[in-house]
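Worksheet for the structure shown next.
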Amino acid sequence: MFNHKNAPDGTFFNFHKEPPLVAYEFFKLGMWIFLATEVLFFGGLFAAYFILKYKWPEVFAAGSAYLDVKLGATNTVVLLASSLTMALAVDAAQRKNKGKLTLMLGATFLGACGFLVIKGMEWYPKLTSGKLPGSDVFFSVYYMTTGLHLIHVLIGMYYIALMFFRSRTGRYTDEGASHAGVEVGGLYWHLVDVIWIFLFPLLYLLGGH
Amino acid sequence: MISDATEVAARVDMVQIFIFGMMAFWFIACNAVLVYFMLRYRRKGPDDKVANIKGNHMLEIVWTVIPCILVLIIFYYGVVVWKDLRVPPEGEPVYEISVTGQKWSWSFKYPNGATTGNELIVPVGTNIKLNMKSADVIHSFFIPEFRVKEDVVPSQYTYMWFNAKYAGEYNIFCTEYCGKDHSHMLGKVKVLDADNWENWEKTGLMLGEEILPPLENGEKLFVKRGCKGCHSIDGVKLVGPTMLDAYGRSAAFDDGQSYTIDDNYIVESIKYPERHIVAGYPRGQMPSFDGQLSDSELSDIITYIKSIKSE
Amino acid sequence: MATENKEYSPYLEPKGFYNWFWTVDHKRIGLMYLYSILFFFLIAGLCALGVRAELFYPGEQIVDHHGYNVLFTLHGALMVFLFIVPGIPATLGNFLLPLMIGAKDVAFPRLNILSYWVYVLGALVVLGSLIGPPGSSWLDTGWTFYTPYSIESSTGVIPVTLGAFILGFASILTGMNFIVTIHRMRAPGMTWHRMPLFVWSLYSASLIQVLATPVVAITLLLLIMERLLGIGIFSAAMGGDPILFENMFWFYSHPVVYIMILPAMGVVAEILPVFARKPIFGYRAIAYSSLAIALVSFFVWGHHLFVSGMSNWSRWIFSLLTFAVAIPTAIKVFNWIGTLYKGSVSFESPMLYACGFIFLFTIAGLTGLPLATLATDVHLHDTYFVVAHFHYTMQGGTVVALVGGLHFWWPKIYGRMFNETVAQVGFWTLFIGFNATFIPQFIMGYQGMPRRYADYLGEFHDMHFLSSVGAMINGLAYFIIFGNLIWAVYKGKRASANPYGSLSLEWQTPSPPPLTNFDEVPTVTDWTYGYGDEQKA
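Chains as they are written, first to last, in full-length UniProt numbering: chain G, 1 to 209; chain U, 1 to 311; chain W, 1 to 537.
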């Protein structure tokens with residue numbers, strides 16, 4: 001298989017051997033650009049939401065009323081809390097505090113798990129009672145937005161788990177190591193949170209209650 | 001080039017000529033200078049003297065501002081004429097006709113209840129407004145000689161208007177790609193003079209036109225309403241079943257039932273095509289002609305279909 | 001300056017599939033992209049010849065209506081998604097960007113090769129739509145996938161849209177990589193205003209790649225979901241809005257036109273000063289107009305919907321915004337022409353292509369005016385006039401610049417010279433064939449000939465016939481051109497490090513460049529275009 005550290009033609013240049021500052025700058029700018037693409041990706045969905053809501057206000061009001069605001073609000077709190085622990089993890093990485101970094105990454109991962117469980121509690125009764133994607137335009141938009149958000153949560157969880165195990169080896173906190181990986185992971189996780197902050201009022205609160 | 005057959009079309013041509021003039025000027029100006037520089041400053045040897053010019057602020061400003069002004073003029077002229085092209089004159093009476101586009105034919109419904117297929121019949125010198133909707137995918141209604149075009153979409157009504165100056169026949173094209181026979185989704189606008197129009201409105205016939213016998217009228221409708229695009233008369237399998245020897249045949253439907261093809265089945269298939277589909281053919285292909293054909297037209301089509309036999 | 005030092009090992013070594021496919025070297029990735037896009041250029045070009053062959057005469061000759069629709073769909077989809085979007089950025093851009101700014105590679109070499117793998121995967125998925133009987137499974141929706149036709153069509157919409165979705169990631173990765181590279185990896189002294197204009201144009205195009213591509217990604221994803229689950233967002237029958245699809249689609253697909261043309265403009269801005277032996281005229285105007293085009297490009301998509309049932313006021317707003325693109329474009333043309341003034345112009349084949357580009361691009365740009373004007377666009381919309389207009393930008397612009405750029409940098413890429421006479425013959429064949437193909441299309445478009453017609457009325461026959469004859473010449477030209485370039489790789493004369501006497505950094509290293517690009521990180525003390533100064537070169 002492909003050896004990341006040493007490509008066959010010997011050209012690969014390794015960030016972990018670059019000065020930490022360089023790697024940090026590269027990764028952070030790259031991640032910000034990636035976040036911009038994410039914003040436009042969801043922007044397309046939000047545009048669809050607004051146009052269809054303008055066209056079918058009553059369908060959207062009825063659909064919104066059907067959603068469980070309590071579960072949605074709980075999930076918002078859970079996700080915000082995991083964003084907080086992620087911020088603390090980034091802080092710990094900056095301070096080269098290995099123990100706290102690992103702890104906070106673990107807490108963030110648990111928060112993400114909590115989000116998944118509550119999401120399952122929301123989706124399951126709907127899927128079994130016939131509120132499927134395609135049953136009306138509101139639920140199509142609902143499943144597309146929350147579903148794509150869910151995929152982003154899963155990707156984030158994969159990366160958080162990766163960081164969790166890497167952090168225990170001291171990859172981010174050793175002398176001369178770069179913590180850029182944690183930094184960009186944090187940026188990504190905050191974006192996932194921010195998208196939810198928009199989704200929650202749009203889907204649960206506007207029109208229906 | 002192409003004639004213009006409405007008063008607004010002539011004004012659109014004026015905009016076009018204005019822009020073409022502008023294009024010609026700039027095209028010749030740019031490329032004449034380009035070619036002149038290419039020849040005048042071509043390399044004569046390795047020791048050519050070369051001016052050390054990196055730019056000129058004054059020139060940059062000039063050639064930013066001048067195009068700005070010119071495009072604003074074009075834009076303004078374009079919008080002014082377009083408003084008249086787009087919006088029917090206020091306060092004047094308009095004659096409204098409903099247009100339905102469906103794969104791959106046009107049908108028109110007139111205020112007096114008459115319907116026609118692929119032939120839009122209008123009086124000369126009258127403001128005509130078309131209210132258009134699609135029964136399936138997106139089409140676009142285009143009459144080149146009138147310089148009008150508007151998409152015909154399934155989710156909303158769209159409109160266009162025109163006022164033909166001369167009696168005559170003009171092409172209608174579908175200009176939004178709509179599938180296999182997009183290029184055969186053609187029609188004609190027949191602009192009638194006052195006498196002819198009055199006669200047509202009362203009788204459905206042109207001056208001097210005889211009522212066709214049912215068989216010939218059925219054949220004419222079969223072609224004009226676009227049936228022929230999907231239903232062959234020579235046994236070839238197109239989108240839908242062939243009409244050759246169809247009448248009286250026993251056919252299996254895709255829901256497992258079987259049925260003999262008789263007058264009732266033909267009428268049902270024309271009006272509500274989704275009810276029974278012959279096994280082996282896809283659903284959702286045939287548009288409904290409910291309300292677009294009169295009873296006598298339906299019976300003429302049946303007469304025609306009965307006649308398609310292989311012997 | 002380059003030395004005749006035999007010690008260095010050019011990037012082309014070591015050979016072998018393993019060494020190339022797993023490489024992270026930007027030059028190799030650029031070349032692999034080049035081979036791949038040219039392969040699809042060949043297929044899509046043959047589809048175009050098939051389309052033109054069918055249109056020699058009205059009626060059905062070679063293919064039936066469905067076959068024709070498949071041909072023009074394949075032509076459009078392959079050309080857009082697999083050839084011209086990655087066209088210049090992923091090939092010449094990948095190869096040259098680090099060289100031009102004095103870097104040893106792009107910022108994220110691993111993402112760079114990932115981009116290529118993703119491209120290959122996307123291409124395979126697109127080609128997957130060709131598995132199955134042509135009559136019922138080959139895509140016939142046109143490359144624009146307009147709903148609701150693309151929802152109803154029984155053909156392979158999902159593989160092609162999924163492929164385009166995947167290809168979008170390749171495009172985003174390349175764009176992201178370029179932006180970070182340009183921001184963070186310029187050699188000491190390579191300030192923003194010393195950068196070659198090709199780099200500026202890549203930067204502008206990358207911004208569009210990064211910001212527009214995600215919107216088409218979500219659009220295509222919704223279309224796939226529409227077909228899989230029937231979610232109804234774009235389906236009129238279920239309360240959705242097919243026009244929403246058009247809006248979202250063109251929000252990407254109009255800016256994407258500038259992903260195609262901006263790097264082409266950059267190539268021309270590189271070639272002109274070298275062969276005119278003169279500084280580029282109005283460096284900052286050209287650089288900033290690239291950014292201006294990138295910015296404005298996001299606000300003009302509505303002109304694709306001028307007759308789609310949009311409200312009347314949004315029509316004239318989009319008309320005004322569309323005119324705004326004309327200004328930076330005009331500025332560029334004037335500055336290119338100004339570069340030749342009082343120069344010492346020689347006409348090797350790269351320069352012919354650059355001047356040919358300016359000629360063809362003035363036609364492309366000027367014929368955009370009646371399409372941006374509301375009154376005239378209503379008539380010209382979706383006719384052959386539009387087809388001719390965008391082929392003048394895409395082929396007359398981007399492809400001509402790509403081919404010109406390949407001639408210009410071929411000695412750098414392979415260290416070999418092509419045959420100049422054949423190259424000139426190739427250029428003139430292309431120039432004549434191309435104009436013969438598309439000038440008749442302007443005329444019949446104005447006469448009202450709609451696009452995407454498998455069959456046409458007899459009155460359009462003369463123009464269609466001329467256009468088809470031109471297309472055959474146009475096709476022949478590419479065999480001459482690429483035959484010559486391929487010949488050069490094996491049999492061409494060895495090229496020196498800097499055969500054209502350019503001052504740009506990529507020429508200050510041996511041809512072909514070593515794996516590490518430069519022996520030591522170069523330090524830049526002057527801008528790239530200091531030709532007139534003291535008879536350098």
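Here a beta-carbon is modelled for each residue, glycine too, at the ideal position from N, C-alpha and C.
| Asked | Found |
| --- | --- |
| Neighbour flag for G:Asp193 against chain W, beta carbons, 7 angstroms | no |
| W:Tyr529 classed as buried or exposed, judged by whether at least 16 other C-beta atoms fall within 10 angstroms | buried |
| Residues of the segment 166-189 of chain W whose Cβ lies closer than 7 angstroms to any Cβ of chain G, in chain order | Ile172, Met176, Ile179, Val180, His183 and Arg184 |
| W:Glu246 burial status per 10 Å Cβ neighbour count (16 or more: buried) | buried |
| Top-ranked residue by Cα proximity to W:Pro148, from U:Lys188, U:Phe141 and U:Ala135 | U:Ala135 |
| Test: U:Ile74 CB closer than 7 angstroms to a CB of chain B | Among the chains of the structure shown, chain B does not appear; the protein chains present are G, U and W. |
| Cutoff 8 angstroms; reference W:Leu49; Cβ partners in own chain excluding five residues on either side | Ala471, Met472 and Gly475 |
| Option nearest U:Ile73 by Cα separation, candidates U:Lys224, U:Tyr95, U:Val15 and U:Trp63 | U:Val15 |
| DSSP-derived helix/strand/coil call for G:Ile195 | helix |
| Boundaries (first-last residue) of the beta strand (DSSP E) holding U:Asp151 | Val148 to Val152 |
| CB-CB length for W:Asn19 against W:Val106, believed under 8 angstroms | With a Cβ gap of about 19 angstroms, W:Asn19 and W:Val106 do not count as contacting. |
| Any 3 or more C-beta pairs closer than 8 angstroms across the segment 287-305 of chain U and the segment 216-224 of chain U | yes |
| Alpha helix (DSSP H) segments (min. 4 residues) lying fully within the segment 15-72 of chain G | 20-55 and 57-66 |
| U:Ser3, buried or exposed, once every other Cβ within 10 Å from all chains shown has been counted against 16 | exposed |
| Whole alpha helix (DSSP H) elements within the segment 395-466 of chain W, 4-residue minimum | 400-414 and 420-446 |
| W:Ser308, buried or exposed, once every other Cβ within 10 Å from all chains shown has been counted against 16 | buried |
| W:Ser290 versus W:Ser201 - alpha carbon distance | 6 angstroms |
| Distance, W:Phe234 Cα to U:Leu144 Cα | Before going further, note that residue 144 of chain U is Pro rather than Leu in the sequence given. Taking the straight line from one Cα to the other gives about 30 angstroms. |
| Neighbourhood of U:Glu96 by C-beta, 7 angstroms cutoff - its chain only, sequence neighbours within 5 removed | Pro111, Lys129 and Asn131 |
| Cβ contact (3+ pairs, closer than 8 angstroms) linking the segment 251-259 of chain W and the segment 294-310 of chain W | yes |
| Through-space distance from W:Ala90 to G:Phe12, alpha-carbon basis | Note that G:Phe12 scores a pLDDT of 44, beneath 50, so its modelled location is shaky; the value from the coordinates is reported in the next line. Spanning the two alpha carbons is a distance of roughly 19 angstroms. |
| Sequence-distant residues of its chain with Cβ nearer than 6 angstroms to G:Pro8 (five each side left out) | The predicted model places G:Pro8 with a pLDDT of 39, which falls under 50 and marks its position as unreliable; any figure quoted below should be read in that light. The answer is none, since no qualifying residue turns up. |
| Own chain, CB closer than 6 angstroms to U:Val152, minus 5 neighbours either side, in chain order | Gly101, Met132, Ser134, His139 and Phe141 |
| Straight-line gap, G:Thr37 to W:Leu262 (C-alpha atoms, nearest Å) | 20 angstroms |
| Chain-ordered neighbours of W:Arg277 on chain U, where CB pairs are closer than 8 angstroms | Arg43, Asp48 and Val50 |
| Where U:Asn264 falls, given that 16 or more other Cβ within 10 Å makes a residue buried | exposed |
| Simplified DSSP assignment, three categories, for U:Arg86 | helix |
| Amino acids of chain W, ordered along the chain, whose beta-carbon sits closer than 7 angstroms to that of U:Asp181 | His65 |
| In chain order, each alpha helix (DSSP H) run of at least 4 residues that lies wholly inside the UniProt domain "Cytochrome c" (213-309) of chain U | 214-224, 263-271 and 295-307 |
| Chain W within 7 angstroms of G:Ile51, Cβ atoms only | yes |
| Residue range of the unbroken beta strand (DSSP E) whose run includes U:Leu192 | Gly187 to Leu192 |
| Interface partners of W:Asn69 on chain U, CB under 7 angstroms | Lys180 |
| Reference U:Lys271; option with closest CA among U:Cys227, U:Lys237 and U:Ala194 | U:Cys227 |
| Three-state secondary structure assigned by DSSP to U:Phe141 | strand |
| Proximity of G:Val153 and G:Val192 at Cβ, strictly below 7 angstroms | yes |
| CB contact below 7 angstroms: U:Gln102 versus chain W | no |
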